[in-house]
Every structure is written in C-alpha cells, then in structure tokens.
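Throughout, the numbering used here is defined as the position within the sequence shown, counted from one, plus 59. We put the CB at the ideal spot given by N, CA and C, even for glycine. Since the structure is predicted, the reported quantities are computational estimates derived from the model, not experimental observations.
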Amino acid sequence: MMHPVSYWKEHTRSVILRGALALGVATAALGVTAQPALGLDVDRELAARTNEAYSFSANADTIRLQTAKDALPSRYDLRDLGVVTPVKFQNPWGTCWGFGAIAASETSILSEAGQTYADTGFDLSERHLAYFTSNHIPVGDDNYDNQGGEGGYNALTEADALYDPTLAEDLLGYPLENATYNRSGYSTYATSLFSSGIGPVLESDAPYQNDEGIVDPSGVFWSDQGTWSLAESLRGTSVAALEESFILPSPATLSSDGTSYTYTYNELATTAMKEQILAGRALAVSFHGDQSMPGQASENTYINTDTWAHYTYEPASLNHMVTIVGWDDSYSKENFNAGHQPPADGAWIVKNSWGSADGEFPNKFAWGDNGYFYLSYYDQSIVTVEAFDFDLTGRETDQNGQYIVNQYDYLPTEQANALPYDDKASAANVFTAAEPQDLTSLSCETSTPQTKVTYEVYRLADDAADPTDGELALTLEETYEFGGYHLATIPEADRAKLHFDEGERFSVVVTMQGPDGYYILAQAAFNDAYRDLAISQLEQQEESTHALRSQLVNQLVTEYRAEHPDASDEEVDAYLATKEEWLATATHDAIQLQVPGYFKGVVNDGESFMMAKGDWVDWSDAAEETSGALGGVIDIDNPSIKAYAVPVDEPYTDVPADAWYHDEVIRVTGLGFMGGYGDGTFGPEHKLLREQAAMVMWNALGEGATDAPAVDRSDVVQDEWYSNAVNWVVASELINGYDGSDKFGVGDPLTREQFACIIANAAGADLSEQDTSVLDGYVDGDGVSDWARPAVAWAVEAGVINGVEGEDGTRTLDAVRDITRAEMAAMMLNAVDAGALAEG
C-alpha cells in the first residue's frame, strides 16, 4: 500500500489522535455485548486510503481497458463454474481478512487446475495464514536468512504490558495467547506469506478450531478457548506457489483537500476487476461494512437487509474484507436503501465470511442471501482490491519437491511507500548461497500500474563494494499492467549460467519505471513504538472520559448488588473503595488489551541496498533514517526482491567449486553439450580428443541426427559411442580427417587453434578477408599456424578465445597446445554468449 512520506506523517498522526485501534475485544468480554461479537476489523484510516497508490497514473495508457469493457458480459458468476468454495464462518475471531484472501485463493487455484469444489472438496486453511502472520520467526532461527525475530508479536505475552495477566485474561474472556487472532489485517499479509513459501496449506493441516475441540456456548462455532497456536514446523509449508498478485485500482477514487474526501467513480477500475473474475480469479476486497455482527443494522443504513444490497454512500474507513465472485450490471439500484441509492444499476456478487443458512457446523449461520450479498459498483469505501494467481506446476512446493527462496522480506506488509525519482533508481538484495543451487525465477512487488521492471543478476566479486560489482549474469525485462507481487521465470537456457555454489555471493538488482518515472518500493508495518503511542492516546482518552473505569465500576456494582440485594448506596460505595487497586489495575490492563499486537522488522547490514542519484547506500541506514523521520512508528523491511532456486548436487567429483572452469563445466553439462565419463568424473584437465570434439558439436548442433552416412575412415568403428557424431560432423564438413590420410584421428588430441577453426566453421564465419592484426596483441601471436590465423583472429574478435593469463599478467594464445576438456567447455560457452553458436 503506497503513500508518500508526507501522507504517512499526516495520517499516522491523525490515526493516533483518533485512537482508532480499539478492537472491541475488552468491551465484549466485560459484558457490553450480549452475544459473541463477529470481530470485524477496525482498520486504520491510513490504510483505508490506499486506493490512490494503485490507481492509474495520468500518463498511463488505458486504451486497452477502455475497449475491453465493451466485450465483457453483463453478468458473470464464478459459482456457475463450480470454482467457488462454500461460505465459512470466521467466528470466534476477527479474521475476515484471512477468510477473504483464502476464499479468493481457493477459487483461483480451482480455476487454474480446471477442477471444481464438488469434485475435490478443496479447502485451504485460514488458521495457518492468521497464525503465522501474527507470530514471528523464532529468534535465532537460521533457516530464514538471518531474519529470526521478524514478523508479528503478541504484546500481551511477549512484553511486560500487563499488571496482572490473570486478571487481564479474565477481562479478555479467552487465553492471552489467542489475542492476535483479533487483530486487523490486509490481503497483503497473504501476499507476503505466500510469496515467501509460507502457505497456503490445506485446511486439514491446520483446521480452523481449537485443538481441544471446545465448542462456543452458543453451539454455533468453535470456542475462543483452548489452543489455537500451531507447530513451528508448519510455517514453511505450502501446496501452491504464488505466481502473481494483482492489486487493482479501486473504483472508488478519493481526493482530499486536507479535511475531507471527495469521491469519484472509476469505471476503468471496474473493468479491471471484471477481467480478473473472467479469468477465474475471485477478488479479495476491503470496504466499510454496515454491520459489526450478524443481523445488526448500522445507524448509517448502508445495507438493505430485505435484499442484502449494500452501498456505502460516503467515504469511510475500511473495516471488513470479503470476496467478490461475480457481477451483475443490471442489478437495480432500487434494491438499495431508499434515500441512499447509488447513481446507477450494477453490483458485485459478494461472498462473506459470516456463515450461511445452508452450511454445516461450524459454518452454519443465517446471514445474507445464504451467506452472500450485493455490493454496489459505486460503493465509496472500496479499497485494496487484490486477486491471486498460483502456479501449480512450475516452481516447486513441498508437494512436489524442494525449493529455495533467497529473501529477506518476511515482514507482513501493512503499508508501502513508492519513493519517486527523476533519474534512474534501483533496489537490490545481496544473497549468499547456503547450498549449491540453480536460480529458476525472480520476483518483486510493484505499485504503479504499467511499471516496467528490469531484473539483473550479478555474480559478485569476493571484494564487491556494491551490488553491481561483479559479472552481470542475467538481464530480464517485464512490464506489469497492475501493482502487486510478480514472479519472473528465468528461461531454461539461462539457468545453467545461474548456478551458485555454497558460499558464493550474488545480487538481484531491480529497477522500476512507471509512467511517471522511476521509483523504489519500501514496505513497512507498525511496530511496538506505534503501539506505545496508540496506548498512550487511549490512556489520555480514558483519563478524560473514564469510560472503561465506568464499565468496570458498573460491573462491580451489578455483581455486588446481586449478592447483597438489600445493600445501601453507602455500603456499595464502601465496597468500591476496597476495589480501588483492582480498578486501577483492571483499567490499565483493559487499555492494553485494545492493541494486542505489533510487528518487528529485521534488516541487517549488507543485505540490501538502494541506488539513487548514482550512489549505492546500505538499505539498513536508509530504512532507519526514514522510520526515524516518521517518529519511529514503523519498521521498514528489506526490499521485496526474491530469488527462487532448486538445490543441486555437484555432478562431478573432480570439478572443485573454486576451480576457474567450475561454472563452465556445470553449464555445458546443463545444456547437454558435454558430459562426464560415467564414473562421476569430468576430466577437466584431460586433453580433448577429436572424437570427443565431434560428440560435443553433435550434441550442440546435430539435434541427435543418426542418419548421416558412415564415414570411410580406417580408424572409425561404427556402432561405437562416437560413431553417429563423427558421421555427422564429417557430413556437415565441421571436422574432417587428416589431409592425405584415410584416418579421422580417433584418439588424437585437438589443438586450441584446430578447435578455433571448428567453431568458426560451425558459426559460418566468412574468413576470406579476415584481418589477423588482432593476433599481434599476444606475445605468442606469431606462433599461430598460417592456415589457422584467420580462424583464430575471428575467434579472438568474437570473444570465443580470450587467451591464457600468465603469472606476470600477460596473455598468450597457446594456439598449438592441445586443448583441455575444460577449455573446450569455456570456448563453447563463449561462442554461445557471443551469438556465434545457438544455445541448443
């Protein structure tokens, strides 16, 4: 969620002053509410205005969307395709955000798989998402890239916030350990976790209930008592890999004059939302809900409970998240409350998380149109519209193999800030390979629609001073139509050169350019300092109003008079005087209960960097400075830049990781150009034999041809391992036998200049007028055979031959020396990288 720094300063201050973090949990436990509250999330105004972050720039090209809307059907409902899972009931917790994100994910995965709920019973776990969002990586855990301690914290159990934990738990009404289930949330929490390989998991792995099977006294849902925590071993598990999330522009465009907001309807955003649904993806959407519990009408009368048509007719802070599964352009505006009807027909078909009449325990509760309602296109509170797209067959999950995520950003995203720059600006993460691995994909997160992203991977020098100090191994460019998380798959042909051994350092540099210029995305969450400020403001409110103390006093009086029905007012006052210490403690702890959690980021020196105005600076310094400028109330995480990889074992016992030819040997093996001897060795220092060279060229260019005529050479035995290759290279005139001899030269080594001729021949190089003066730059250039000079000169100019560096720093061609297998591997790859040979 993107806001400029000035926006953060202004609205963070207003949020604190409003004391808007009260979640209602303490008042419910104190008996103010007659039945268990639904636990609607009371969200921050700061987040409620995030629609501006992902909206179209004035410079954006929206022609495609302008024409696409005319091709969309007037009504569409994903339920008709069987890919919408049943309505669930989020009670006893305020986890609507988790239910909204999971419901959208379930539908996306079923659509991706071409399956239906009826056939599969597919069900993902909301408990897993909610628990690991609010519970940090264990401190000292080295399995998460030295980010131990990053994530969510329960302030009620991990700090000395409470005077009397036992009393506080009595006031709360359920175990303190469960309190963070009642924290507000965002769909972006799911993005943060899923992209990190933390979920989603099946409901059967982490069912939405306490472990003891305790049912709420109402008999309608599972109790908030008992154990709701999960085993740490479940954190890094998943059944589907997040490939992309789409954070769409909101149809509710809000502009502010500093004191109030003005609403404008954005039809292009509506079109973008419909396109996602048409692609089989439901939408997780935040808005201002009309109700705080089932069946309770709001004084604002946003919802018509006869038709279950909802229209928030004024700008309002988000407090609920739901899942949009369809639309109906002809849904009449007359279905909404009289006096507050939208300007035109049209509504979203919305799946809620408050149960359904047709459901079964614990999801049976009669709300809405069997758990659904209609939300006007023109609702003025819609924000944070997000769809999820999963890859079921590409990047590995724990379902189909091991995979590695090189990353530092485990902090669930609450806020994000796009830092704009006129000139080129980049962010980078520097990783150290924990084990041998081949990179398979890269990822980042963007905000502005139509952002062009350039990914660069560098193999860093040992003494690298910045993220670009090394060999540029890969460049990828992608343009993303909408903000969100994006996974860029590395082409198979490039993966062999992106092998990194244990201990090897590499960087991923990401440059983002939107329609308005370059930007760097910084993501953050509210920390313990923010919680302290919020608590301080609540304490000031209590000192002014004595609202909590009054509730507690009333509770004591009620209990005392129940036991002493004839007590006089004086006796009651005397009783209350004995409870002053209790009242002070209870009031203090009741305030603490209002804000149960916070987040903490971990950014270590040397992990991440940002470049603006031509200079690289350590991200940890920039993050600390920015957080300090905002009063220290947020923790800014490392850039959301990840490198996914598959672990690989070293294929050869005689190719050391630190050998100059290691990467070349691994890469040619991956390309299928060369192989080992079958006994686990490659023979890098062995002389390359002529039949081996024939096999390499056949592997690279021959496409497995077996129909070349048998050569008439006395030393070539047909039906040997090299026969097809030798037949093909001779027929292709790449390698011939010896002039004036009937032999091919089986068993004879090749010289470096001979192999240069072979590659020049394979590349179709025109050597008739080749300038050979480039050879004069080598101390042994005059030692190249006359017949080979044009080919060797071409190879030098093309970058196929770079020479051999001596101890004194001079380079020699060693043209007449026998070439080794390692040198051939290097020359083949040089030819490929130079474009002289195709990569397979």
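Distance CB(residue i)-CB(residue j) smaller than 9 Å
{"i": "ASN476", "j": "GLN582", "result": "yes"}
{"i": "SER304", "j": "ASP120", "result": "no"}
{"i": "ALA815", "j": "MET886", "result": "yes"}
{"i": "ALA238", "j": "LEU652", "result": "yes"}
{"i": "ALA26", "j": "LEU760", "result": "The structure shown does not extend to residue 26, since the chain spans only 60 to 899, so no value can be given for it."}
{"i": "ASP807", "j": "SER773", "result": "no"}
{"i": "VAL512", "j": "ALA547", "result": "yes"}
{"i": "TYR433", "j": "TRP407", "result": "yes"}
{"i": "THR871", "j": "GLU744", "result": "no"}
{"i": "SER954", "j": "ALA854", "result": "With the chain represented from 60 up to 899, any question about residue 954 goes unanswered, as that position is not in the structure."}
{"i": "ALA328", "j": "VAL444", "result": "yes"}
{"i": "ARG554", "j": "LEU519", "result": "no"}
{"i": "GLU723", "j": "LEU580", "result": "no"}
{"i": "PHE585", "j": "GLN474", "result": "yes"}
{"i": "SER255", "j": "LYS659", "result": "no"}
{"i": "PRO508", "j": "SER116", "result": "yes"}
{"i": "LEU910", "j": "TYR517", "result": "Because the chain is modelled from 60 through 899, residue 910 falls outside the range shown and cannot be assessed."}
{"i": "VAL843", "j": "GLU812", "result": "yes"}
Nearest to residue i (by Cα), restricted to the options the options
{"i": "SER314", "options": "PRO374, THR329, PRO145, ASN795", "result": "PRO374"}
{"i": "HIS558", "options": "ARG340, ALA704, LEU293", "result": "ALA704"}
{"i": "TYR372", "options": "VAL381, THR366, ILE362, MET380", "result": "ILE362"}
{"i": "GLU209", "options": "ILE878, SER282, TYR433, HIS195", "result": "HIS195"}
{"i": "LEU124", "options": "ALA331, LEU580, PHE395, TRP407", "result": "ALA331"}
{"i": "LEU137", "options": "GLU864, TYR480, ASN861, LYS333", "result": "LYS333"}
{"i": "ALA446", "options": "GLY339, VAL569, ASP708", "result": "GLY339"}
{"i": "GLN599", "options": "ASP628, ASP178, ILE650, ASP497", "result": "ILE650"}
{"i": "VAL616", "options": "TYR370, GLU629, ASP223", "result": "GLU629"}
{"i": "TRP152", "options": "GLY141, GLY232, GLY207", "result": "GLY232"}
{"i": "PHE253", "options": "LYS392, ALA290, THR192, ALA884", "result": "THR192"}
{"i": "GLU291", "options": "TYR190, TYR240, GLY285", "result": "TYR190"}
{"i": "ILE122", "options": "GLU540, VAL142, PRO715, ALA163", "result": "GLU540"}
{"i": "GLU828", "options": "ARG848, ILE273, SER500", "result": "ARG848"}
{"i": "VAL569", "options": "GLY836, THR510, ALA874", "result": "THR510"}
{"i": "ILE695", "options": "ASP708, LEU498, TYR469, ILE818", "result": "TYR469"}
Proximal residues to residue i (C-beta, below 8 Å), its chain only, five neighbours per side dropped
{"i": "ASP23", "result": "Any question about residue 23 goes unanswered here, given that the chain covers just 60 to 899."}
{"i": "ASN202", "result": "GLY295"}
{"i": "LEU451", "result": "ILE168, GLU171, ALA172, ALA299, ALA300"}
{"i": "ARG620", "result": "ALA626, VAL631"}
{"i": "ASP270", "result": "GLY285, THR286, TRP287"}
Contact set for residue i: own chain, Cβ-Cβ below 6 Å, skip 5 residues either direction
{"i": "SER73", "result": "Low confidence applies to SER73: its pLDDT is 31, below 50, so where it sits in the model is not reliable enough to give any reading."}
{"i": "GLY159", "result": "ALA343, MET380, VAL381, THR382"}
{"i": "ALA784", "result": "ALA753, MET754, TRP757"}
{"i": "HIS187", "result": "GLY258, VAL260, ALA265"}
{"i": "ALA881", "result": "TYR720, PRO743"}
{"i": "ARG749", "result": "GLY804, ASP807, LEU809"}
{"i": "ASP428", "result": "TRP367"}
{"i": "LEU80", "result": "Below a pLDDT of 50, predicted positions are generally treated as unreliable, and LEU80, at 28, falls in that range; no measurement from the model is reported."}
{"i": "VAL143", "result": "LEU137, THR166, VAL384"}
{"i": "GLU455", "result": "With a pLDDT of 47 at GLU455, under the threshold of 50, the modelled position of this residue cannot be trusted, and the question is left open."}
{"i": "HIS399", "result": "TYR372"}
{"i": "LEU747", "result": "LEU809, ILE878, ARG880, MET883"}
Neighbourhood of residue i by C-beta, 7 Å cutoff - its chain only, sequence neighbours within 5 removed
{"i": "ARG590", "result": "ALA214, VAL654, TYR657"}
{"i": "ALA893", "result": "ALA857, GLY858, VAL859"}
{"i": "ASP664", "result": "ASP677, SER679"}
{"i": "ALA769", "result": "GLN777, ASN786"}
{"i": "PHE395", "result": "ASN363, ALA368, TYR370, PRO401, SER435"}
{"i": "ASP771", "result": "none"}
**Request:** Indicate whether the contact test is met: 3 or more Cβ pairs, each with one atom in the stretch 116 to 133 and one in the stretch 301 to 312, closer than 8 Å.
**Result:** no
**Asked** Per the contact definition of three or more C-beta pairs closer than 8 Å, is the stretch 494 to 507 in contact with the stretch 209 to 225?
**Response** no
**Prompt:** Any chance the stretch 657 to 673 sits against the stretch 423 to 439, with 3 or more Cβ pairs inside 8 Å?
**Reply:** no
**Message:** Three Cβ pairs or more, each shorter than 8 Å: is that satisfied between the stretch 640 to 647 and the stretch 600 to 612?
**Reply:** yes
**Message:** Pairs of beta-carbons, one from the stretch 567 to 576 and one from the stretch 479 to 499, closer than 8 Å: are there three or more?
**Reply:** yes
**alpha helix (DSSP H) runs wholly inside the stretch 789 to 838, at least 4 long, in chain order** = If one requires a minimum length of 4 residues, the alpha helix (DSSP H) runs lying completely within the stretch 789 to 838 are 811 to 822, in chain order.
**Request:** Go through the stretch 124 to 211 residue by residue and report every complete run of the alpha helix (DSSP H) that reaches 4 residues or more, in order.
**Result:** 155 to 172, 176 to 179, 185 to 193
**Request:** Within the stretch 501 to 570, note down every full alpha helix (DSSP H) run reaching 4 residues or more, in order along the chain.
**Result:** 551 to 554
**Request:** Taking only runs that begin and end inside the stretch 297 to 366, name each unbroken alpha helix (DSSP H) of 4 or more residues, in chain order.
**Result:** 326 to 337
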